[in-house]
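Q: Just passing along the structure, written as structure tokens.
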Amino acid sequence: MSILQLLLYLILFPLITALFMLVSRKDTGRKAIIQLSAIAIGIVSFLVLLFGYYRGTLIFSIDPDPVSQIMFFIELVLAAYILYLGIRHRKLLTVFLILFQAGLLLYFELVFSENLHIGNNLFLDQFSIIMALIIGIIGSLICVYAVGYMETYHHHHTEIRDRRNLFFGILFIFLSAMFGLVFSNNLLWVFFFWEITTICSFLLIGYSQSEEATNNSFLALSMNLLGGVAFMAALIYLVIIDPTGQLLSLNFLISSGKAVALVPAVLICFAGITKAALMPFSSWLVGAMVAPTPVSALLHSSTMVKAGVYIIVRFAPVLSGTTEGLIIALVGGTTFALASFIAISQNNAKKVLAYSTIANLGLIVACAGVGTYNLMWVAILLIIFHAIAKSLMFLCVGTVEHRIGSRNIEDMGGLIVRMPKLAMMMFIGMAGMFLAPFGMVISKWAAIEAFITAPFGLIFIAILAFGGSATVFFWSKWMGKIISVMRDEPVIEDTVKKEKWVVLYILTALVVIVCLIFPLISSVLIEPFILNIYGQTARLSQANLSIMLMMLCLLLIMPFSLLFYRKGAHYAPPYMGGRPVEGHMRFSGSMGVTRELVLSNYYMTDLFGEDRLFMVGTSLCWALLLFAGILLLGVIL
Amino acid sequence: MTYLKKSPWLLHYDASSCNGCDIEVLAALTPIYDVERFGIINTGNPKHADIFLVTGSVNTQNKQVLINTYEQIPEPKVVIAIGICATSGGIFRECYNILGGIDKVIPVDVYVTGCAARPESIIDGVVTALGILEQKRLAMKTKTKTARAADAR
Amino acid sequence: MIPEYLVPVIWAVLYLLLAPVAGGLIAGIDRKVTARMQGRVGPPLLQPFYDVAKLFEKENLVVTASQNFFVLSYLVFMAVAGALFFSGGDMLLVIFAFTLSHIFLVLGAYASYSPYSHIGAERELLQIIAYEPMIILTAVGMYMVTRSFFVSAIVTSDIPVILYLPGVFIGYLIVLTIKLRKSPFDLSTSHHAHQELVKGVTTDFGGPNLGKIEIAHWYEYVFLLGVVWLFFAWNPVIAVAAIIIAYFLEILIDNTFARVKWQLMIRSAWIIAGTLGLVNLGVLYYLRMVGVP
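Now the structure itself:
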């Protein structure tokens, strides 16, 4: 089986599953088909790794016709559909943007397409393998989880129309589009898959068809369309410079140097910024949390937004050393710091996760924008670790929400008693986000060591130091909330379905395993990729690696100490001034009144409030982007 | 060699005292008497304490509080009743709300009488209590030894 | 003589064995000096050791069994982090290991679901975020002067680090007050005020667990003063003098200032210390760019 066949399978097979989903009505057939498809996709992604990891960059020549014509046709149909929807819901901005984008598309097709001869349309290199693994493994796991989740979802929300066939169909179309995105070398194809993911996100956010969901879906659509317009502008620019379309090959564009590639790189990176929901475009991701949790897990934390940073990381060699690259990095860095601060003041679990995602994406972009070889290494590591840990967190929060009926962190107190296994998994997921020696800390550590040798690195180190401590704060207080031992609470997690447990167990294991084997991933996939581009590569020193491994093993052994303390333990109630306490923190207060103790975390909304910091972030980042735009204009003219 | 004698930590609780004895207890911490030179610290919560100093007598409201606080002190522990109110109810003995001295509710090891008890008497009482504490510690050690031997058999 | 690769191991073992002794003595000197400042005689020098020995003689009274795990992890990772530092490891990894161990203490306080522990835990988290940026900036400053993050390189370098990092040093002293749990920044648990929110983080720990927390604090003292040494590493005599003076200053500040609210603590640490540190590093960066060695 050739690698090309594997790639085509990954792009086309999910479409077949999507077709089945769209026509099937019953749930049982659906579950079996999804599970089988998920296993198939996972296995094939793994095969791509096995057959491709040692081959370096492979480029596949495929005849672009009739694929390109089909793509153009689909894009026009979708544009018409969005136009219709935009007019029906009276969303002026969407209507304007889709008309603008469709206009650019038509202009491109009519004026330039005859002269285009692009042969190298698909490719595979180590970075694509990494992205494919993330999409194939984590994506399929989330689809399997989604079956059980959506059943409970419709059980709880009988007012929402059951359009699950559409839901799952779009999920698989989305997977196909993501595979297409990371395997495409032809920028036109990348743009096509990019737009498909935008539409999938739009349809999935608006799934519940409530007014809030509809508004948020159009917000996401408008911001992503804005990015799409910038993408289209970049394509037109490239084809004006070279009408044969050779510059539309990604690998050729990146290696042709800054003079040629800078302008389109910045425009496409702007599209990446909108898709990755960095400030000033972060509101769409926060608003997208109204969607069912599998959507948040798949699109809005591990895959679609990763497409945004994927394209920016691809262009990092072009951006490195330039002022525009530095500005993009500053946008990322500002987003990281401010989103981390805002997350402190949020008590809605999904919003905390959303802001944490935005912050981490900002950090990845900050590394990519400065673009030295060791920062690229950090960026790719961050992508991997974040995708795994964050999707685990989203799925856990989804399950918890269905059991306790609330997304508020304050209602998750004592989860270790009420849902012990789930609380442990959340603990590991959160540890994976901010505790040494897990992945994200490794990345932050490597980031500091990399920024220190980069130009203007001191600004980014300051951002990392302050933003990083903010992340410690909000994760720790959430962790503390769920491990508080509130006695006499009933265990409510036995009703969770088996498939969900399987998915959650696998993801939890992945968090730990990837942390253990990351030196292997680095040497097999990441380092050759960077070596290829920059001629030198980065790695953590051997001594540090062994120390971290020892710490991780120590950390995994420590919980066994609980066995030693079981005998002869004496228990006492917590100190409440000696007051008579009954049951769950109900104490006898003054005047003989029985009161209940309520402990809540600090949210410090006057220091870290969402509105104020959002205002700060949006204005700062708009200023930076406008500055970059002015510089770009200077280059063009 | 026990270290309980070298580092006894107090917990001071005012049951229903007029604060006369409490002021004398706190006076013991000041530079004039400076009990910290014996390693004595006035801790804030029972879980850190060895010696439970109680002033004032028991009434219906603080009866359960006394018991709760006493139970939250880890073994080995001693209780010192400071002042005549804690010992037997003092001049408030026949009031309608007073149940009597604190030995009605928790076991007392040392009684320091006085109204108010003088700091020197309080320190003397604490020193006496340290000897009792040592006995309790030995008893606790042999008890756990026999318990472990019983488990082994 | 001794093979090269064993030297870090020996240093780590020496730290693991001797640091509690040194830390306990430092704690004892602290209490004696504080007592003298307050016009008292004060406890004997070895009092902290008596305290810990007594704590281990008490029964292990807990609110929930997981507290044992959290306190043990706190102690183990504190020792590991300090051992890493003294064996010459990467300064940033040491910092992250320390954060890990502090989080375990915080989680242990949360586990008991008691009001005082809860507030203590929140305040401890606030303290962590107050000092962490400054500590990272300290490590970054060391790198900028000595070109290495490894403690082994910083300690053997003969560049007078303090002359290049005066702002960072003052910033470090400010956060040292937080880390040593001294007034005005002893919000989460205080050595001298035993009744600030009933001992905060350590409220619901008794007996052996409290003893382990105390030993962990001793390990930490040795590490924190070791960082002061790094600033003066090029001249050991001056380094020892600096440590003594710095610690005496901390005791003096402890006894003269009242405890502040958390808002002021974060402001002092982030704005004052952060500005001092960043300006210092910015000046260094600029000088480096311009070509001054």
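Residue numbers (this note's numbering), protein chains in the order written: chain A, 2 to 638; chain B, 1165 to 1317; chain C, 65 to 357.
Heads up, the beta-carbon is just placed ideally off N, CA and C, and yes, glycines get one too.
Please read all numbers here as calculations on a predicted model, not as lab measurements.
#1: Take every Cβ of the region 151-166 of chain C, pair it with every Cβ of the region 85-94 of chain C, and state whether three or more of those distances are shorter than 8 Å.
#2: CB LEU556/A to CB ILE389/A, shorter than 8 Å?
#3: What is the rounded straight-line gap between the Cα of PHE169/A and the Cα of SER303/A?
#4: What whole-angstrom Cβ distance do ALA344/A and ALA360/A have, given they're in contact under 8 Å?
#5: Can you grab the Cα-Cα spacing for the pair LEU106/A / MET233/A, in whole Å?
#6: Counting only C-beta atoms, is PRO107/C closer than 8 Å to chain B at any point?
#7: Where ALA317/A and GLU68/C are concerned, what is the direct C-alpha to C-alpha distance, given to the nearest angstrom?
#8: Thinking PHE133/C and PRO560/A are a contact (beta carbons under 8 Å), I'd like their distance in whole angstroms, please.
#9: What is the residue span of the beta strand (DSSP E) that ALA1245/B lies within?
#10: For PHE61/A, does the three-state DSSP call read helix, strand or coil?
#11: Measure the C-alpha to C-alpha separation of THR18/A and GLN36/A and round it to an integer number of angstroms.
#12: Can you name the residues that DSSP bridges to THR1207/B?
#13: Leaving out five residues on either side along the sequence, give the residues of the same chain with a beta carbon under 7 Å from the beta carbon of THR320/C.
#14: By DSSP, does THR304/A sit in helix, in strand, or in coil?
#15: Along the region 1204-1217 of chain B, what residues have a CB closer than 8 Å to any CB found in chain A?
#16: Would you tell me roughly how many angstroms separate the C-alpha atoms of GLU528/A and ARG95/C, rounded to the nearest one?
#17: At which residues does the beta strand (DSSP E) containing ILE66/C begin and terminate?
#18: Give the single residue among SER392/A, VAL442/A and PRO491/A whose Cα lies nearest to the Cα of LEU299/A.
#19: Mapping the DSSP letters down to three states, classify VAL127/C as helix, strand or coil.
#20: Have a look at LEU541/A, GLY399/A, LEU327/A and LYS259/A and flag the residue whose alpha-carbon is nearest the alpha-carbon of ALA451/A.
#21: Report yes or no: do three or more beta-carbon pairs, one from the region 260-279 of chain A and one from the region 322-335 of chain A, lie closer than 8 Å?
#22: Look up ARG1257/B in the DSSP assignment and say whether it is helix, strand or coil.
#23: Report yes if the CB atom of PRO1195/B is closer than 8 Å to the CB atom of ARG104/C, and no otherwise.
#24: Quick one, which residues of the region 288-301 of chain A are near chain C if we go by CB-CB under 9 Å, in chain order?
#25: According to DSSP, which residues form a beta bridge with TYR659/A?
#26: Strictly below 8 Å CB to CB, what residues from chain B border LYS263/C?
#27: Are there 16 or more other CB atoms within 10 angstroms of the CB of PHE128/A, so buried, or fewer, so exposed?
#28: Please report how far the alpha carbon of ILE241/A lies from the alpha carbon of GLN537/A, in whole angstroms.
#29: Measuring alpha carbon to alpha carbon, tell me which of VAL1189/B, ASN1206/B, TYR1197/B and GLU1200/B ends up nearest LYS263/C.
#30: What are the complete beta strand (DSSP E) segments, minimum 3 residues, inside the region 140-211 of chain C?
#31: Could you give the residue range of the alpha helix (DSSP H) that holds GLU1188/B?
#32: Residues of chain C with CB under 9 Å from GLU583/A, in chain order?
#33: Would the beta-carbon of ASN349/A fall within 8 Å of that of ILE60/A?
#34: Please list the terminal residues of the continuous beta strand (DSSP E) segment that includes TYR576/A.
#35: Look at the Cβ atom of LEU272/A, then the Cβ atom of GLY326/A, and state whether they are nearer than 8 Å.
#36: So what does DSSP say about LEU564/A, is it helix, strand or coil?
A: By the coordinates alone:
#1: In short, these stretches do not touch, since the Cβ pair count stays below three.
#2: No, Cβ-Cβ distance for LEU556/A and ILE389/A is not below 8 Å.
#3: Rounded to whole angstroms, the separation of the alpha carbons of SER303/A and PHE169/A is 17 Å.
#4: Confirmed, Cβ separation roughly 7 Å.
#5: Each residue's CA atom was taken as its position, placing LEU106/A and MET233/A some 7 Å apart.
#6: PRO107/C counts as touching chain B.
#7: Their Cα atoms are separated by approximately 41 Å.
#8: That pair is a contact at about 6 Å.
#9: Bounds of the beta strand (DSSP E) holding ALA1245/B are 1242-1246.
#10: Of the three classes helix, strand and coil, the one that applies to PHE61/A here is strand, per DSSP.
#11: GLN36/A has its alpha-carbon roughly 11 Å from the corresponding atom of THR18/A.
#12: In DSSP, THR1207/B forms a bridge with LEU1175/B.
#13: Around THR320/C: no qualifying Cβ.
#14: In this structure, THR304/A counts as coil in the three-state DSSP scheme.
#15: For the region 1204-1217 of chain B, the set of positions with a beta-carbon nearer than 8 Å to some beta-carbon of chain A reads ASN1209, PRO1210 and LYS1211 in chain order.
#16: Those two C-alpha atoms are separated by around 54 Å.
#17: Element bounds for ILE66/C: n/a, residue is neither H nor E.
#18: The option with the nearest alpha carbon to LEU299/A is SER392/A.
#19: In the structure shown, VAL127/C sits in coil (DSSP, three-state: anything other than H, G, I, E or B).
#20: Out of LEU541/A, GLY399/A, LEU327/A and LYS259/A, LEU541/A has the C-alpha closest to the C-alpha of ALA451/A.
#21: Verdict: yes, contact present.
#22: Three-state DSSP puts ARG1257/B in coil, outside helix and strand.
#23: Yes, Cβ-Cβ distance for PRO1195/B and ARG104/C is below 8 Å.
#24: Here the close residues number zero.
#25: As shown, chain A starts at 2 and ends at 638. That puts residue 659/A outside it, with no answer to give.
#26: Within 8 Å Cβ-Cβ: THR1207, GLY1208, ASN1209 and HIS1212.
#27: Classification for PHE128/A: buried.
#28: One alpha carbon belongs to ILE241/A, the other to GLN537/A, and they sit about 34 Å apart.
#29: Residue ASN1206/B is the option with its Cα nearest to LYS263/C.
#30: Runs found: none.
#31: For GLU1188/B, the enclosing alpha helix (DSSP H) has its first and last residue at 1184-1191.
#32: Chain C residues near GLU583/A: none, gap ~15 Å exceeds 9 Å.
#33: The answer is no: Cβ separation not under 8 Å.
#34: Element bounds for TYR576/A: n/a, residue is neither H nor E.
#35: The amino acid occupying residue 272/A in the given sequence is Ala; Leu does not appear at that position. Between ALA272/A and GLY326/A, the CB-CB gap reaches or exceeds 8 Å.
#36: Of the three classes helix, strand and coil, the one that applies to LEU564/A here is helix, per DSSP.
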